[in-house]
Amino acid sequence: MNKERVLEIFEKSPRFPAPPNILLELIQRSYEKRTNRTGRANRAVLPLISEYKEVLYPIVNSRYFNFRKKIQDGKTLVDLVPIPVLRNLIFSLWLSHLEPINRYEQLDYPLFRQQIFLSAVFAEQMSRELAIPRPEEVYLQSMLQDVAYLALSRCIPELYERLMTIKSKARDLEREEAKNLGWTHAELSADIVQRWGFPPEFLPPIRFHHAIDRQPPEDAMVQKLAGVLNVAAELARVTLEAPDALRFNEIEARYNRYFQRSPETLPHLIRTSLEKISGFARGLGFSQLEEQSVTHLFLQNKEFVKKRIIGYEDLLKELGKSREQIEKLREELNRVRAEISLNNFLDPITGLYNHAYFHEFLHKAVSQSARYEHPISLLIIDIDHFTLFNQTYGFKTGNAILEQVAEILKRNLRQADLLARYGGDEFAIILPHTGQVPVHFVAEKIRKNVDRHPFLDPLRDMKHHLTVAIGYATLIPNFSLMKKEHLLNMVLEALQHAKTNGGNQCIGFQNI
Numbered sequence: 015m016n017k018e019r020v021l022e023i024f025e026k027s028p029r030f031p032a033p034p035n036i037l038l039e040l041i042q043r044s045y046e047k048r049t050n051r052t053g054r055a056n057r058a059v060l061p062l063i064s065e066y067k068e069v070l071y072p073i074v075n076s077r078y079f080n081f082r083k084k085i086q087d088g089k090t091l092v093d094l095v096p097i098p099v100l101r102n103l104i105f106s107l108w109l110s111h112l113e114p115i116n117r118y119e120q121l122d123y124p125l126f127r128q129q130i131f132l133s134a135v136f137a138e139q140m141s142r143e144l145a146i147p148r149p150e151e152v153y154l155q156s157m158l159q160d161v162a163y164l165a166l167s168r169c170i171p172e173l174y175e176r177l178m179t180i181k182s183k184a185r186d187l188e189r190e191e192a193k194n195l196g197w198t199h200a201e202l203s204a205d206i207v208q209r210w211g212f213p214p215e216f217l218p219p220i221r222f223h224h225a226i227d228r229q230p231p232e233d234a235m236v237q238k239l240a241g242v243l244n245v246a247a248e249l250a251r252v253t254l255e256a257p258d259a260l261r262f263n264e265i266e267a268r269y270n271r272y273f274q275r276s277p278e279t280l281p282h283l284i285r286t287s288l289e290k291i292s293g294f295a296r297g298l299g300f301s302q303l304e305e306q307s308v309t310h311l312f313l314q315n316k317e318f319v320k321k322r323i324i325g326y327e328d329l330l331k332e333l334g335k336s337r338e339q340i341e342k343l344r345e346e347l348n349r350v351r352a353e354i355s356l357n358n359f360l361d362p363i364t365g366l367y368n369h370a371y372f373h374e375f376l377h378k379a380v381s382q383s384a385r386y387e388h389p390i391s392l393l394i395i396d397i398d399h400f401t402l403f404n405q406t407y408g409f410k411t412g413n414a415i416l417e418q419v420a421e422i423l424k425r426n427l428r429q430a431d432l433l434a435r436y437g438g439d440e441f442a443i444i445l446p447h448t449g450q451v452p453v454h455f456v457a458e459k460i461r462k463n464v465d466r467h468p469f470l471d472p473l474r475d476m477k478h479h480l481t482v483a484i485g486y487a488t489l490i491p492n493f494s495l496m497k498k499e500h501l502l503n504m505v506l507e508a509l510q511h512a513k514t515n516g517g518n519q520c521i522g523f524q525n526i
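15 is the number of the first residue of the sequence shown in the numbering used here; add one for each residue after it.
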């Protein structure tokens with residue numbers, strides 16, 4: 015499909031991410047030389063301020079913007095904030111609130127939204143250090159350099175999937191895209207941005223941000239700007255540990271090659287940028303990027319740990335925060351235990367927590383996971399063909415088997431985990447602080463232990479062989495919908511696949 019046809023589909027598709035009219039007007043006004051940079055925007059901006067004031071005012075009063083006086087009304091806003099900055103702010107708000115058009119869309123929206131924001135921040139700060147004029151323009155160029163991915167995911171998903179396949183295998187992305195498609199995502203992004211009303215001089219850095227090494231632009235400033243966009247995007251990916259992130263030493267090499275600057279300055283750029291964006295990031299809903307999470311983010315990122323970006327004082331401060339969080343969790347756990355009468359929440363057959371208690375605990379556990387930014391996993395275990403077993407050997411034997419299965423499950427848990435009887439022949443295990451890889455090993459260990467165990471029959475001199483099907487899933491803060499129902503639905507869907515495929519297997523939702 016040629017690029018003209020792609021753009022034609024975008025133009026006709028109701029799914030295309032078209033900026034709101036207020037934003038289109040600000041784009042036009044930001045390039046009108048005769049326009050006063052603030053006053054003439056009043057009429058266009060004030061209606062939007064009314065709608066978004068709860069988010070807008072805290073952002074413009076944050077450390078990132080550092081205006082000379084506090085902004086609390088629309089008139090002060092348009093008097094103090096230059097139109098290009100106001101345009102950038104509203105662009106950030108608009109893009110940060112875009113949602114998938116349906117559950118099958120392939121673009122990872124939470125990751126994409128954070129990447130383009132962080133890329134824009136890094137680009138603006140880098141352009142200031144490199145003394146590039148109009149750093150506010152570089153902010154928006156960086157934010158929009160990969161907007162083609164967003165448009166393709168929404169409007170032409172099969173082409174987006176093809177582009178992602180090329181990206182996952184390509185060493186030279188620009189060359190492989192041109193070879194397979196006849197155009198590149200950078201060219202497509204530039205064309206989209208042009209149709210939004212940006213002038214010709216805004217486009218070249220976007221168009222060339224992947225062609226710097228192979229086909230550098232002739233204009234030295236365009237080449238430098240394209241380099242800023244390229245490095246900023248890679249810094250954002252490595253900071254967020256995106257699946258396609260480069261190694262940090264590769265980014266350092268690019269930084270040195272493009273700007274003849276020592277790569278030793280990059281860690282400082284990352285740190286100062288992240289420390290400045292606290293209020294801005296919070297206003298856009300990016301809690302992971304808030305100031306109190308910066309050191310924690312560095313500690314979780316192996317690339318930054320290797321570079322020793324974190325100082326000793328930061329480590330001590332983070333340790334103190336972790337201890338405070340642990341103490342709060344312990345107090346909350348004790349409070350919850352004190353509130354609940356265990357007699358009302360225990361299963362009479364297995365002695366485990368029952369279905370009602372499971373749901374209450376899961377709700378609190380997911381809330382804590384979101385609040386303190388740690389992953390949480392859930393497994394549901396179903397005994398294969400247990401209805402037929404009960405019909406054959408009777409419910410008394412069946413109940414004895416349930417007790418034995420419960421004992422096996424208990425032996426595979428930590429003190430912080432919760433085991434409950436979910437249904438007739440189903441058990442559930444909640445695993446706080448557990449990611450996708452550990453939960454797979456827990457599930458597989460349980461499956462093997464059940465498969466190998468000789469189950470005693472209380473009424474007959476015989477032993478039974480049983481197997482289980484297990485479905486599991488994980489919620490990761492800032493990358494998942496942190497809702498109890500979402501986690502439960504994912505696990506039940508994975509469990510259904512495990513049962514449909516014959517049982518005696520573990521399936522994670524991410525593997526469906």
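For every residue, glycine included, the Cβ atom is placed at its ideal position computed from N, Cα and C.
Here's the rule I'm using: 16 or more other beta-carbon atoms within 10 Å means buried, otherwise exposed. How should residue i be labelled?
{"i": "Phe262", "result": "buried"}
{"i": "Ser182", "result": "exposed"}
{"i": "Gln128", "result": "buried"}
{"i": "Gln409", "result": "For the record, residue 409 in the displayed sequence is Phe; it is not Gln. Per the 10 Å Cβ criterion, exposed."}
{"i": "Leu473", "result": "exposed"}
{"i": "Lys498", "result": "buried"}
{"i": "Asn16", "result": "exposed"}
{"i": "Pro389", "result": "buried"}
{"i": "Leu509", "result": "buried"}
{"i": "Gln429", "result": "exposed"}
{"i": "Asn503", "result": "exposed"}
{"i": "Thr198", "result": "buried"}
{"i": "Gln274", "result": "exposed"}
{"i": "Leu495", "result": "exposed"}
{"i": "Ala234", "result": "exposed"}
Nearest by alpha-carbon distance to residue i: which of the options is it?
{"i": "Pro28", "options": "Glu440, Arg168, Ser156 and Gly196", "result": "Arg168"}
{"i": "Leu527", "options": "Leu144, Phe493 and Glu18", "result": "A query on residue 527 cannot be resolved here, the shown segment of the chain reaching from 15 to 526 and no further."}
{"i": "Leu392", "options": "Glu421, Val456, Ile97 and Ala370", "result": "Val456"}
{"i": "His282", "options": "Glu440, Val380 and Gln139", "result": "Gln139"}
{"i": "Tyr153", "options": "Glu172, Leu103 and Ala184", "result": "Leu103"}
{"i": "Ile460", "options": "Asn358, Met476 and Phe441", "result": "Phe441"}
{"i": "Arg271", "options": "Pro446, Ala370, Val242 and Phe212", "result": "Val242"}
{"i": "Arg251", "options": "Leu132, Leu280, Glu278 and Arg349", "result": "Leu132"}
{"i": "Phe79", "options": "Thr488, Pro96 and His111", "result": "Pro96"}
{"i": "Pro149", "options": "Pro98, Glu172 and Leu480", "result": "Pro98"}
{"i": "Pro446", "options": "Ala384, Ala414 and His479", "result": "Ala384"}
{"i": "His478", "options": "Glu68, Ser156 and Val464", "result": "Val464"}
{"i": "Ile23", "options": "Ser106, Leu173, Leu100 and Glu39", "result": "Leu173"}
{"i": "Thr90", "options": "Leu70, Phe105, Ser106 and Leu109", "result": "Leu70"}
{"i": "Glu266", "options": "Asp227, Pro257 and Ser276", "result": "Ser276"}
{"i": "Glu39", "options": "Leu21, Arg101 and Ala184", "result": "Arg101"}
{"i": "Asp431", "options": "Ala379, Leu480 and Gln450", "result": "Ala379"}
{"i": "Arg77", "options": "Ala295, Met496 and Asn244", "result": "Ala295"}
{"i": "Ile73", "options": "Ile363, Val350, Gly293 and Pro114", "result": "Gly293"}
{"i": "Leu254", "options": "His500, Lys513, Leu501 and Phe493", "result": "Phe493"}
Which same chain residues end up closer than 8 Å to residue i when comparing Cβ atoms and leaving out the 5 residues on each side of it in sequence?
{"i": "Val207", "result": "Leu158, Val161, Phe216, Leu217 and Ile220"}
{"i": "Ile180", "result": "Leu187, Glu190, Glu191, Asn194 and Leu195"}
{"i": "Lys26", "result": "none"}
{"i": "His454", "result": "Tyr486, Cys520 and Gly522"}
{"i": "Phe30", "result": "Phe24, Ala165, Arg168 and Cys169"}
{"i": "Arg142", "result": "Pro149"}
{"i": "Leu506", "result": "Ile394 and Gly485"}
{"i": "Leu112", "result": "Pro31, Tyr123, Arg127 and Leu164"}
Between which residues of its own chain and residue i is the CB-CB distance below 7 Å, once the five residues before and five after are set aside?
{"i": "Leu343", "result": "Gln382"}
Less than 6 Å between C-beta atoms, sequence neighbours within five positions excluded: which residues of the same chain meet that for residue i?
{"i": "His511", "result": "Ile521 and Ile526"}
{"i": "Lys84", "result": "Asn75"}
{"i": "Thr49", "result": "Summary for Thr49: the model assigns pLDDT 46, below 50, so the residue's position carries little reliability; its value from the coordinates is reported in the next sentence. The residues are Arg43."}
{"i": "Gln237", "result": "Pro230 and Pro231"}
{"i": "Ala434", "result": "Leu366, Tyr367, Phe372 and Ala442"}
{"i": "Ala247", "result": "Ser133"}
{"i": "Ile559", "result": "As displayed, the chain neither begins before 15 nor continues past 526, which places residue 559 out of reach and without an answer."}
{"i": "Glu417", "result": "Thr364"}
{"i": "Phe375", "result": "Leu432"}
Quick one: is the Cβ of residue i within less than 7 Å of any heavy atom of the ligand HEM?
{"i": "Pro218", "result": "As presented, the structure is devoid of all ligands, the ligand HEM included, so that no description of it is given."}
Give me whichever residues DSSP pairs with residue i in a beta bridge.
{"i": "Ala420", "result": "Ala420 pairs with nothing; no bridge assigned."}
{"i": "Leu173", "result": "For Leu173, which the question treats as bridged, DSSP gives no partner whatsoever."}
{"i": "Leu393", "result": "Ile443 and Tyr486"}
{"i": "Gly522", "result": "Tyr486"}
{"i": "Tyr367", "result": "Leu360 and Ala434"}
*Which residue spans inside the stretch 216–296 form an unbroken alpha helix (DSSP H) run of at least 4?*
218–222, 234–253, 262–273 and 280–290
*Can you give, in chain order, each stretch of the alpha helix (DSSP H) that sits fully within the stretch 118–158 and has at least 4 residues?*
Counting only runs that start and end inside the stretch 118–158, the alpha helix (DSSP H) elements of at least 4 residues fall at 123–143 and 149–158.
*Where are the alpha helix (DSSP H) runs, 4 residues long or more, that stay fully inside the stretch 412–498, in chain order?*
450–466
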